[in-house]
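**Student:**
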Amino acid sequence: MPDGGFLVEEREVVPRRWWNRLIRPIGIALIVGAVGWPVVVLCHGWPRLALGFAIADWCVIVAGRNLMHWGAKRWAEDE
Numbered sequence: 394m395p396d397g398g399f400l401v402e403e404r405e406v407v408p409r410r411w412w413n414r415l416i417r418p419i420g421i422a423l424i425v426g427a428v429g430w431p432v433v434v435l436c437h438g439w440p441r442l443a444l445g446f447a448i449a450d451w452c453v454i455v456a457g458r459n460l461m462h463w464g465a466k467r468w469a470e471d472e
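Here it is in structure tokens:
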């Protein structure tokens, strides 16, 4: 600003909710399951099915990553 002042952005910071502690382990379990399930199916001798699950599990991995991010140890913003 011309007079030497500056603007400060103001945000409301909300403490984490009780369910945030559950979200991170659920996200980790989704990722482990999405990676492990095609390996188990492949070990049982079904390569096409394992490939299909590996391709389809991409959205489960993304959902698990998002849950891990949302449940991170931090104060929640924009909640």
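Under the numbering used here, the sequence shown has 416 at position 23, and the numbering climbs by one with no breaks. Backbone N, C-alpha and C fix where the C-beta goes; we use that ideal spot for every residue, glycine too.
Under a Cβ-count criterion, where at least 16 other Cβ atoms within 10 Å of its own Cβ denotes burial, should Leu-444 be classed as buried or exposed?
**Tutor:** The residue labelled residue 444 in the question sits at position 51 within the sequence shown. Its Cβ having fewer than 16 others within 10 Å, Leu-444 is exposed.
**Student:** Give the secondary structure of Gly-561 by DSSP, where H, G and I count as helix, E and B as strand, and everything else as coil.
**Tutor:** There is no way to answer for residue 561, as the model of the chain reaches only from 394 to 472.
**Student:** Is Ala-456 closer than 9 Å to Leu-415 when the C-beta atoms are compared?
**Tutor:** One-based indexing of the sequence shown puts residue 415 at position 22. One-based indexing of the sequence shown puts residue 456 at position 63. No. Outside cutoff.
**Student:** Which word fits Gly-429, buried or exposed, when buried means at least 16 other C-beta atoms lie within 10 angstroms of its C-beta?
**Tutor:** Your numbering for residue 429 matches position 36 in the sequence shown. Exposed, since its Cβ has fewer than 16 Cβ neighbours within 10 Å.
**Student:** Consider the Cβ of Ala-427: report whether some Cβ of chain C lies at a distance smaller than 9 Å.
**Tutor:** No chain C appears in this structure, which consists of one protein chain only.
**Student:** Taking all protein chains shown into account, do 16 or more other C-beta atoms lie within 10 angstroms of the C-beta of Pro-431, making it buried, or fewer, making it exposed?
**Tutor:** Position 38 of the sequence shown, counted from the start, is the residue given in the question as residue 431. Burial call: buried.
**Student:** Alpha carbon to alpha carbon, how far is Gly-420 from Arg-458? Give it in angstroms, no decimals.
**Tutor:** The residue given as residue 458 occupies position 65 in the sequence shown. The residue given as residue 420 occupies position 27 in the sequence shown. Roughly 6 Å separates the two Cα atoms.
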